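Visitor:
Number of protein chains: 2
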Amino acid sequence: MRSPLRDQIRQLVLEGLVSGRWAPGDRLVERRIAAELEVSQAPVREALRELEALRLVESSPNRGARVRAFTRADLSEVYQVRAGLEETAARLGAPDLEALERHTALLHEAAAAGSLDDQVRHGVAFHREIVAASGNGLLLSVWESLGIEVWTHVSIRLFRAELHENAADHEPIVEAFRRRDPDVGRLVREHILGYAD
Amino acid sequence: MRSPLRDQIRQLVLEGLVSGRWAPGDRLVERRIAAELEVSQAPVREALRELEALRLVESSPNRGARVRAFTRADLSEVYQVRAGLEETAARLGAPDLEALERHTALLHEAAAAGSLDDQVRHGVAFHREIVAASGNGLLLSVWESLGIEVWTHVSIRLFRAELHENAADHEPIVEAFRRRDPDVGRLVREHILGYAD
DNA sequence: AAACACCCTATGATCGATCATTGGGTGAAT
DNA sequence: ATTCACCCAATGATCGATCATAGGGTGTTT
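Protein chains in written order, with the numbering used here: chain A, 1 to 197; chain B, 198 to 394.
1. Between A53 (chain A) and chain B, is any beta-carbon pair separated by less than 7 Å?
2. Within 10 angstroms of the Cβ of V351 (chain B), are there 16 or more other Cβ atoms? Answer buried if so, exposed if not.
3. How would you list, in chain order, the residues of chain A whose beta-carbon sits under 8 Å from the beta-carbon of L344 (chain B)?
4. Assuming A250 (chain B) and A53 (chain A) make a contact with CB atoms under 8 Å, what is their CB distance in whole Å?
5. For the candidate residues B:A322, B:Q277, B:D314, whose alpha-carbon lies nearest to that of R299 (chain B)?
6. Considering only C-alpha positions, which residue in the set A:R45, A:S145, A:R91, A:A111 is nearest to N62 (chain A)?
7. Starting from the Cα of A161 (chain A), find the closest Cα among A:A168, A:A167, A:D169, A:T152 and give me that residue.
8. By the 10 Å Cβ neighbour count, where 16 or more other Cβ atoms means buried, how is M1 (chain A) classified, buried or exposed?
9. According to a CB-to-CB cut-off of less than 7 Å, which residues of the stretch 108-142 of chain A neighbour chain B?
10. What residues of chain B sit near V150 (chain A), judged by a beta carbon separation below 7 Å?
11. Quick one: what's got a C-beta closer than 8 Å to L158 (chain A)'s C-beta in the same chain, skipping five residues either side?
12. Which residues bound the beta strand (DSSP E) around A262 (chain B)?
13. If distances are taken between C-alpha atoms only, which option among B:A309, B:V371, B:R228, B:V210 comes closest to H388 (chain B)?
14. Chain B beta carbons: is any one of them nearer than 7 Å to that of A88 (chain A)?
15. Are the Cβ atoms of A286 (chain B) and I327 (chain B) separated by less than 7 Å?
16. Examine chain B for any beta-carbon lying closer than 7 Å to the beta-carbon of F177 (chain A), and answer yes or no.
17. Our contact map puts V67 (chain A) next to L12 (chain A) with C-beta atoms below 8 Å; I'd like the distance itself, whole angstroms only.
18. What is the DSSP secondary structure of L12 (chain A), counted as helix, strand or coil?
19. Mind pulling the chain B residues with CB within less than 8 Å of G93 (chain A)?
20. Starting from the beta carbon of A42 (chain A), find every residue of chain B whose beta carbon is closer than 9 Å, and list them in chain order.
21. Cutting at 6 Å between CB atoms, please list the residues of its own chain near A393 (chain B), excluding the five before and the five after it.
22. Rounded to the nearest angstrom, what separates L177 (chain A) and A167 (chain A) at their Cα positions?
23. Going by DSSP in three states, V44 (chain A) sits in which element: helix, strand or coil?
24. Measuring only between beta-carbons, confirm whether Q277 (chain B) sits less than 7 Å from chain A.
25. Name the DSSP bridge partner or partners of E58 (chain A)?
26. Can you pull the chain B neighbours of E77 (chain A), defined as C-beta to C-beta under 8 Å?
27. What is the DSSP secondary structure of R32 (chain A), reduced to helix, strand or coil?
28. Determine the contact status of G123 (chain A) and E165 (chain A), defining contact as a CB-CB distance below 7 Å.
29. Using 10 angstroms around the beta-carbon of R229 (chain B), count the other beta-carbons present and answer buried if the total reaches 16, otherwise exposed.
30. Helix or strand or just coil, what does DSSP make of L160 (chain A)?
31. Would you call the CB atoms of L48 (chain A) and A65 (chain A) closer than 7 Å?
32. Could you check the C-alpha separation between R279 (chain B) and S19 (chain A) for me, to the nearest Å?
33. By DSSP's criteria, R224 (chain B) is part of a beta bridge. Which residues make up the other side?
34. Any beta carbon from chain B within less than 7 Å of G185 (chain A)'s own beta carbon?
35. Anyone know if the C-beta pair for L337 (chain B) and A329 (chain B) falls short of 7 Å?
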């Protein structure tokens, strides 16, 4: 298991970001957070650095950390990188078709039930499966470091972004994998770039 | 400017890794490094975490950090991801042709002079230019986080890897960018994957 | 009033010390 | 000899305190 305290703190701050407790531009003062959680400054500091690596907060020396001012341009950069990574993944390996179908079905259900969180979750899981199936652990870790799920939540909150993920969009991809279409990479890429509008 | 002490320490440890002072599997004991550099444990710890993010060291809770045992498989994963990122970059933007030619010329010179370090440096700079020209800052930062230059040095040391970067390989790419070949992305990708053998 | 130097507070950066875990060593029980 | 419980040193994780910097406020000079 990883270092519990630091991870716990990171998780809490993360939830604060997703829930909107902290808005873009807000300062994240190490000592205040430490005091609130009744821990010392050190693990908070480490947690903030991890969030910085996820590009959710930004900081400069001696001036502390603050919530990044996300823009649509940021979002579009994320989608471009993500599209490239998933295209690479799709070329490298064939995902488990049953897993993809399972995620698609759950996405359908979540959409029917109107559960936003579940739609995000299963939509992300669908794509994660493709990346994981590449067999390239580095690729997966880079993809995960993009923090797709958090970015999706944040952008829904800030930009009132539509939730593009809809189950029907995913079926052509599953079919392309099924028939081992060599063009599946391009298909995946275009699918993702379609979200970026 | 970034936090000097932590960055300084990271740089020193990095040099120790590249120079072979520490070999794969060696432990990186926070207090020993701190004592040697006459700083406290805290900034060393932060520096090690950054190196962990670069996947140069690995650590587990309460068990400390050690130099990763790089394998050829790791290297191949890096090349695959890198190839995908640079393909994406090449599609997104057109690099400054003069800059590319400058790097190619310097690569030639370094090869003629037999300077390994300079060959690595200019070879990496050539590719970095392509990524930077994409205009996607995230893409650049992800690419940089792969630590290509360090990996190249390390793999030369550990695997006695050949230095594949040779200036002639780069000219077709420059030409493809010059004629705005829509296939330049594929070309770049294949160029990089050619290194991976 | 404007410009400027100074001081003061908040806070990040760093430190030295302590807490807590891991892994190895030791010796008794079998 | 093997197994296992226990102890201990090394060291990572965390803490509380101190150092150093950035920015804002204040008063003085012009």
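For glycine and all other residues, C-beta sits at the position ideal for the given N, C-alpha and C. Computed from a prediction, not measured in an experiment: that's the story for all the values here.
Guide: According to the structure shown:
1. yes
2. buried
3. Note that residue 344 (chain B) is Gly in the sequence shown here, rather than Leu. Correct list: empty, because the minimum Cβ distance to chain A is about 11 Å.
4. 6 Å
5. B:A322
6. A:R45
7. A:T152
8. Because M1 (chain A) carries a pLDDT of 48, less than 50, the predicted location of this residue cannot be relied on, and no value is offered for it.
9. N136, G137, L138, L139, V142
10. In chain order: nothing, as chain B lies at least about 14 Å away.
11. P24, F70
12. 261-264
13. B:V371
14. Per the sequence shown, residue 88 (chain A) should be read as Thr rather than Ala. It does: the Cβ of T88 (chain A) has a partner Cβ on chain B nearer than 7 Å.
15. yes
16. no
17. About 14 Å; that fails the 8 Å criterion.
18. helix
19. Here the premise fails: no neighbours, minimum Cβ distance about 11 Å.
20. A239, R242
21. S273, Y276
22. This sequence places Phe at residue 177 (chain A); Leu is not what is there. One C-alpha to the other measures close to 16 Å.
23. helix
24. yes
25. A:R66
26. N333, G334, L335, L336
27. helix
28. yes
29. exposed
30. Note on residue identity: the sequence assigns Arg, not Leu, to residue 160 (chain A). Reduced to three states, the DSSP call for R160 (chain A) is coil.
31. yes
32. 35 Å
33. B:R263
34. no
35. yes
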